[in-house]
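Throughout the first sequence, residue numbering follows the working numbering, covering 370 to 1074 in sequence.
Note that CB positions come from ideal geometry on N, CA and C, so glycine has one too.
Notes follow the structure.
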Amino acid sequence: MTGGASFRIITLPPADAYRHMLPSPDPESLAAAVELAVAIRSARLGRAAHATAVKHLSPRPLPAFLSNHLVNMYSKLDLPTAAATLLSLDPDPSVVTWTALISGSAQNGRPLSALAHFAAMLRASVRPNDFTFPSAFKAAAAARKPLVGRQIHASSFKSGLIDDAFVACGALDMYYKTGLTFDARILFDEMPQRNIVAWNAVMTNAVFDGRPDEAIKAFIKLRLHGGIPNTISLCAFLNACAGASYSSLGSQLHAFMIQSGFDLDVSVGNGLIDFYGKCHWVHEARAVFDEMHIKNDVSWCSMVVVYAQNGAEEEAFRVYLDARKDGIRPTDFIVSSVLTTCAGLSGLDLGRSLHAAAIRSCINGNIFVGSALVDMYGKCGSIRDAEQAFEEMPERNLISWNALIGGYTQLGNAHMALTVFDEMIGCGEVAPNYVTLVNVITACSRGGLTKEGLDLFETMKERFGIEPRLEHYACVVDLLGRAGMEERAYEFIKTMPIRPSISIWGALLGACRLHGKTALGRIAAHKLFEIDPQDSGNHVLLSNMFASAGRWVEATEVRKEMKDVGIKKGPGCSWITWKNVVHVFQAKDTTHELNDKIQAMLAKLRRQMQAAGYTPDTQYALYDLEEEEKETEVLQHSEKLALAFGLISIPPGIPIRITKNLRVCGDCHCAFKFISGIVGREIIVRDNNRFHYFRDYQCSCRDYW
DNA sequence: GTAGGGTTAG
């Protein structure tokens, strides 16, 4: 390097600007270069400076300040071995050297080594200073070691350094994060000076621990004390409002932010998007997003999540595509979020393209991405791909296991769901949670394993320490109901210790519909109307139950009642994706451009099916029509139209994937079994409840759904 | 020369 350019100038350069430059060999410049290496996170520059130092300054030892810089650089850039080796070469490392080593470990997610270094420092009789304690507390907090944290607190108290604001804030945060909330409160009350960081520690931890009201109270108290919130306080407040669904309080704060100019901060803007999304104010979230002058990848990701979590999966995907166009890299956060929307859309092709993007960006090994892939493939009915994604994960956690079990559950493969469940227990690395139990009991229900399901429910508390929740009770009602034991299910509901919810009565009503138990069905339906009079699904289910039992008067009455109260039923529809176009069909839909061919195909299929022994199951025609008309009616169901289109358009050998927003109808289910055999093709239907995998005159659900 | 509290996901 020539010309005497000094590394002291720290106007931050673009990340790559200095990477290949060699610093001049005087210790001051070398130290500056090392400092810069940390700032731009360039290990290459740091190593180059180190090499230059060794070359030009040996055999003399490196000056202490330069050595400290180097230890700090290696530690901060997550090269712990180099940092520790360098420290061990120093015959008498100072507290600064030790602190550099400890802080790097704490910041790079290695709290246990940070604590080990801290202990080694004490053994070497080096006393921690006001810089060391905050890092030590951070490590104890991250390692969730309350006893160690308390010891560090005692030591900082003895040395008198606890009165330092940095040290006290570290201790405060440590007590919260290790679950010693009581100690944290005492410490906070006794703090001689409470700076904004202390208030923020109170607020962020209250939100994290699910005590949003406490965070809001702290914010108000801070204002009463004349404290000025910063961006972190505001993000915490927004999270508190989102957690407690205080939509108006949060939007009032939004006004304050605009007044004070805080809304221009990217993190605050991102917090606002997230807050509005969690309050289901999608338009407000979008407005904040659109008005942001500077957006980062978190902004884009938050916007994707707002749409995904508010039932607008197509919009979520569009935002993802816009983000890519805007030059946003597919991060692990964005990819796992968008994969969730693919799972919701049943968008297997989109999911596969994201899988490819994840591999290109080297984030396919991330545990969030991996679990999202397993989940997506499972929900899209590609259980083989789900298995493979699961196998390829470098590490797995509870969520990954739950995703795979959930995939088998959706497919109705109770045997495999239970096998994977046993494997999960057997591996001893993760303990099941309530979601796991919901999945396996549901799998039993769908697979007809009534005894096994009941067994799991009855022993879950004792075997796994999981208290049954409402969801588990609903699973049992479903389990008994599907097995034809509606009366027993009703008795079970009566003895429940929790107040029965929509899902409980809904499960009973569904079972009554399936088995034509109209009297009990009416009881369940009326419970449902009491809880949620506006829900169309319950009315439709009741009406269909009467229709299936041939009781047309009652069926029509329910429909009429719906009309009178002003309940609208969302239309049932089925869709199929071909060549990146989504073709949507409603029942009796004649608007598709290929309608003539579709009708011809349906007529042909009807002849072939009847020759093979199919009779239309007209109980699924929902109106009281003449028998022959009913046959025509069921032939025009949206899933049959979609299938006919698929058979016309998609070449043989490619499975036909259909998605339906309601449950697949019984006649269509029967017809699809015949058609899969007649035309020799795989047909995969995903309804709002589960998958049906038709092949060779059979369905994966074995007619039990 | 070394330090504390933060936004997005399965």
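Euclidean distance between Cα positions of residue i and residue j
{"i": "Val-423", "j": "Arg-698", "result": "38 Å"}
{"i": "Phe-535", "j": "Leu-481", "result": "21 Å"}
{"i": "Asn-608", "j": "Gly-640", "result": "7 Å"}
{"i": "Pro-396", "j": "Gly-775", "result": "60 Å"}
{"i": "Ser-870", "j": "Glu-840", "result": "9 Å"}
{"i": "Leu-530", "j": "Pro-462", "result": "21 Å"}
{"i": "Ala-605", "j": "Gln-562", "result": "21 Å"}
{"i": "Asn-574", "j": "Val-566", "result": "12 Å"}
{"i": "Ile-378", "j": "Val-407", "result": "In this predicted model, Ile-378 has a pLDDT of only 34, less than 50, meaning its place in the structure is not dependable enough to derive any value."}
{"i": "Arg-891", "j": "Lys-932", "result": "19 Å"}
{"i": "Arg-729", "j": "Ala-969", "result": "45 Å"}
{"i": "Gln-757", "j": "Phe-915", "result": "45 Å"}
{"i": "Gly-816", "j": "Thr-887", "result": "25 Å"}
{"i": "Met-661", "j": "Gly-638", "result": "7 Å"}
{"i": "Ile-867", "j": "Ile-835", "result": "15 Å"}
{"i": "Glu-760", "j": "Gly-1022", "result": "27 Å"}
{"i": "Ala-488", "j": "Ser-614", "result": "44 Å"}
{"i": "Leu-593", "j": "Ala-587", "result": "10 Å"}
{"i": "Asn-665", "j": "Gln-988", "result": "55 Å"}
{"i": "Ala-374", "j": "Ala-433", "result": "A caution first: Ala-374 carries a pLDDT of 33, below 50, which makes its placement in the model too unreliable to give a value."}
{"i": "Asn-679", "j": "Ala-611", "result": "14 Å"}
{"i": "Ala-681", "j": "Asp-718", "result": "18 Å"}
Beta-carbon proximity check, residue i vs residue j, cutoff 7 Å
{"i": "Ile-589", "j": "Asn-569", "result": "no"}
{"i": "Ser-494", "j": "Ala-483", "result": "no"}
{"i": "Leu-889", "j": "Glu-855", "result": "yes"}
{"i": "Val-909", "j": "Ala-876", "result": "no"}
{"i": "Ser-943", "j": "Lys-999", "result": "no"}
{"i": "Phe-631", "j": "Leu-603", "result": "yes"}
{"i": "Ala-772", "j": "Thr-819", "result": "no"}
{"i": "Ala-783", "j": "Cys-813", "result": "yes"}
{"i": "Leu-708", "j": "Ala-685", "result": "no"}
{"i": "Thr-468", "j": "Thr-501", "result": "yes"}
{"i": "Asp-1056", "j": "Leu-1010", "result": "no"}
{"i": "Met-793", "j": "Trp-770", "result": "yes"}
{"i": "Leu-435", "j": "Ala-400", "result": "yes"}
{"i": "Cys-1037", "j": "Asp-986", "result": "no"}
{"i": "Val-673", "j": "Tyr-689", "result": "yes"}
{"i": "Phe-737", "j": "Asp-791", "result": "no"}
{"i": "Val-799", "j": "Leu-825", "result": "no"}
{"i": "Asp-578", "j": "Asp-533", "result": "no"}
{"i": "Ala-510", "j": "Asp-542", "result": "yes"}
{"i": "Met-745", "j": "Gly-720", "result": "yes"}
{"i": "Ala-924", "j": "His-1006", "result": "no"}
{"i": "Pro-1075", "j": "Thr-547", "result": "The chain is shown from 370 up to 1074; residue 1075 falls before or after that span and cannot be answered."}
{"i": "Val-704", "j": "Ala-727", "result": "yes"}
Residues near residue i by beta carbon distance below 6 Å, same chain, minus five either side
{"i": "Cys-1068", "result": "Lys-1042 and His-1061"}
{"i": "Val-1054", "result": "Ile-1027, Val-1033 and His-1061"}
{"i": "Asp-447", "result": "Asn-477"}
{"i": "Phe-833", "result": "Pro-801"}
{"i": "Pro-763", "result": "Gly-734"}
{"i": "Lys-647", "result": "Ala-611"}
Integer Cβ distance of residue i from residue j, believed to fall under 8 Å
{"i": "Val-635", "j": "Ile-663", "result": "5 Å"}
{"i": "Leu-1012", "j": "Arg-975", "result": "Not confirmed; about 12 Å, so no contact."}
{"i": "Tyr-803", "j": "Arg-765", "result": "No, Tyr-803 and Arg-765 are not in contact; Cβ-Cβ is about 19 Å, not under 8 Å."}
{"i": "Ser-722", "j": "Cys-670", "result": "Not really, about 18 Å apart at Cβ, beyond 8 Å."}
{"i": "Ser-715", "j": "Lys-748", "result": "7 Å"}
{"i": "Pro-497", "j": "Val-465", "result": "Their Cβ separation, rounded to whole angstroms, is 11 Å, which puts Pro-497 and Val-465 out of contact at 8 Å."}
Residues of its chain near residue i, where Cβ-Cβ distance is below 7 Å and the 5 sequence neighbours each way are ignored
{"i": "Ala-894", "result": "Leu-878, Asn-907 and Leu-911"}
{"i": "Val-403", "result": "Gly-415, Ala-418, His-438, Leu-439 and Met-442"}
{"i": "Ile-1019", "result": "Trp-947 and Ile-1025"}
{"i": "Leu-452", "result": "Note on identity: in this sequence residue 452 is Ala, with Leu being the wrong assignment. The answer, listed in chain order, is Val-440, Tyr-443, Ser-444, Leu-470 and Gly-473."}
{"i": "Trp-650", "result": "Ser-616"}
{"i": "His-425", "result": "Pro-394"}
{"i": "Val-807", "result": "Glu-840, His-841 and Cys-844"}
{"i": "Leu-381", "result": "Any reading at Leu-381 needs caution, since the residue's pLDDT is 42, under 50, leaving its predicted position unreliable; the model's value is listed next. Cβ neighbours of Leu-381 beyond the five flanking positions: Ala-408."}
{"i": "Met-626", "result": "Leu-603, Asp-632 and Val-637"}
{"i": "Val-1048", "result": "Leu-1016"}
DSSP bridge partner residues for residue i (one or two, in chain order)
{"i": "His-1061", "result": "Val-1054"}
{"i": "Gln-1067", "result": "Arg-1064"}
{"i": "Ser-943", "result": "Phe-954 and Lys-1029"}
Contacts around residue i, its chain only, beta-carbon distance under 8 Å, and the 5 residues preceding and following it disregarded
{"i": "Ala-540", "result": "Phe-502, Phe-506, Gly-518, Ile-521, His-522, Ser-525, Ile-531 and Leu-556"}
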